[in-house]
Each structure stands twice: as structure tokens, then as C-alpha cells.
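A.B. asks: Residue numbers (this note's numbering): 59 to 307. Okay, handing you the structure first.
Take a look at the structure:
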């Protein structure tokens, strides 16, 4: 049975990126997002794609800006925002993931009373961002070395915010690095915050709430505030691709 599973996964990764996204277990992913505020995809990028994206960090022509995290109190490590036009793989991920997430985004908007309606296609949502002056691309590559970490935060870049985003682990845990776990916290009204540690494999993504998500309680629906970060890298180097669906001001 394990051999059949491995063969099936190999066949899955031989398809193009948009087809892989379409074939994900979306009922399970959306149910997990609704219940917990995050969901993992299983391996979605090939080892070769991960290595190529990580290696592209050295090509400054692909990026619009570089952030050294310690200078801003964000943690330790650095990241670079990609410039337009985005690399084909990143563009494909952004475009193909969005339509599967938009219905849940609309459901959350209705439940929290925000009254924001998200269009079916990413290009339409980007036009809304750009018309409001949010024109800077937000997908980014992050690089951490030994003892680096990322403080808990939210990726908000303007008034127009898509409530879900994705982070892809490009490095191989246990081989390329140790430590560096993806961490999420949720702040619940009148309760202590709760933390979740999300183990990922190389090429796998975690999709999670950007800011707030609705939770049904005994007295109705309330908002849970989410933050995310990365624990200390104990050894090695860790690369991540962040796919954010709204552009920045």
C-alpha cells in the first residue's frame, strides 16, 4: 500500500501546477480552515521547483525590495518581495488557489458582518486593489539561518485584504534545517490565546487566516484574531514562499 501511495503522489507531482491545485482535497482543506483557521495541502511543489525558487533568492532582478527583519523588530532573518511580473510558478499558484478560497472568504465576510464580497477570479480582486492604490505585489521569499525566527504578525498591506494566504516550505526539514516550526496563535474574546504548531514537508503549503476568522459560539458568532510566525531555527537554512492574494499600498 505505501508503494501505491508513493506512485500516486509521484504522478500527481508530474502534472502542471494549476492541475495539482485543482486536484487537492478541497472539501477537507475548506473544512479545516473553517474549523481551525488553517489547513495543510500535502506536497504540492516538486523538489526541483522548491530548489529553483530557493535559489532564485540570489537574483535581485526578481525582487522589488529586501527586508532585514532585525532592523524593524520583526525577528531575525530576511525576506524579499517579488516584483511584477511574478515568476510563472508563483503567478500560477496565486491565480489557481484563489478561486477555491473565495467562497470561504465570502462566507467569513458574511458571518462577521463585514459586508465585503470577493469576486470569483483573482484578476478581478487585484483590479479592486490597484484601483484603490494597492499596486505593489506582496508574494515574497523568506530566508532564515541558524537562530533566526519570525515574530508573530499579520500580513496586512492596505484596506483591501483577502482573508486567507498560503506559505510553502521550500526546504527539507531534518535535512536542510531543524527547528523553524510554523506557528499560529488565535486570540479569543475573554480567553487566553491558543497556539498551534504546523509541521510541513518540503513542497507543502499551509493555508491560513490572515487576520480574523469567525467562530460559532453558544451566544452567536465571534471573531478570532490570528497571527503567525516561525520558531527559532536551531540549525541549517530554511526558505519559504509566501503567497498573499492582496497587493500592498
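Every residue gets a Cβ at the ideal spot worked out from N, C-alpha and C, and that includes glycine. What you are looking at is a predicted structure, and each value in this text was computed from that prediction instead of being measured.
What three-state label does DSSP hand residue 307 in the structure shown?
C.D. replies: Of the three classes helix, strand and coil, the one that applies to residue 307 here is coil, per DSSP.
A.B. asks: Provide the residue span of the alpha helix (DSSP H) that contains residue 154, from first to last.
C.D. replies: Residues 146–170.
A.B. asks: Please return the same chain residues whose Cβ sits closer than 6 Å to the Cβ of residue 246, not counting the five positions on each side in sequence.
C.D. replies: Closer than 6 Å at Cβ, skipping near neighbours: 282.
A.B. asks: Is it buried or exposed, residue 305, if we count other Cβ atoms within 10 angstroms and call 16 or more buried?
C.D. replies: By the neighbour-count rule (16 or more Cβ atoms within 10 Å), residue 305 is buried.
A.B. asks: To the nearest angstrom, report how far apart residue 124 and residue 130 are at their CA atoms.
C.D. replies: Approximately 12 Å between the Cα atoms of the pair.
A.B. asks: Could you tell me how far apart the beta carbons of residue 301 and residue 151 are, in whole angstroms, since I believe they sit closer than 8 Å?
C.D. replies: Correct: roughly 5 Å between the Cβ atoms.
A.B. asks: Should the region 161–181 be called in touch with the region 253–266, which here means at least 3 C-beta pairs below 8 Å?
C.D. replies: In short, these stretches do not touch, since the Cβ pair count stays below three.
A.B. asks: Taking C-alpha atoms, which residue in 82, 219 and 177 lies nearest to residue 192?
C.D. replies: When only C-alpha atoms are compared, the closest one is 219.
A.B. asks: Starting from the Cα of residue 142, find the closest Cα among 182, 112, 133 and 194 and give me that residue.
C.D. replies: That would be 194, whose Cα lies nearest to the Cα of residue 142.
A.B. asks: Does the distance from the C-beta atom of residue 208 to that of residue 135 stay below 8 Å?
C.D. replies: Yes.
A.B. asks: Quick one: give me the first and last residue of the beta strand (DSSP E) that residue 210 is part of.
C.D. replies: Residue 210 -> beta strand (DSSP E) spans 207–211.
A.B. asks: Determine the DSSP secondary structure at residue 77, reduced to helix, strand or coil.
C.D. replies: Note: residue 77 maps to helix in three-state DSSP.
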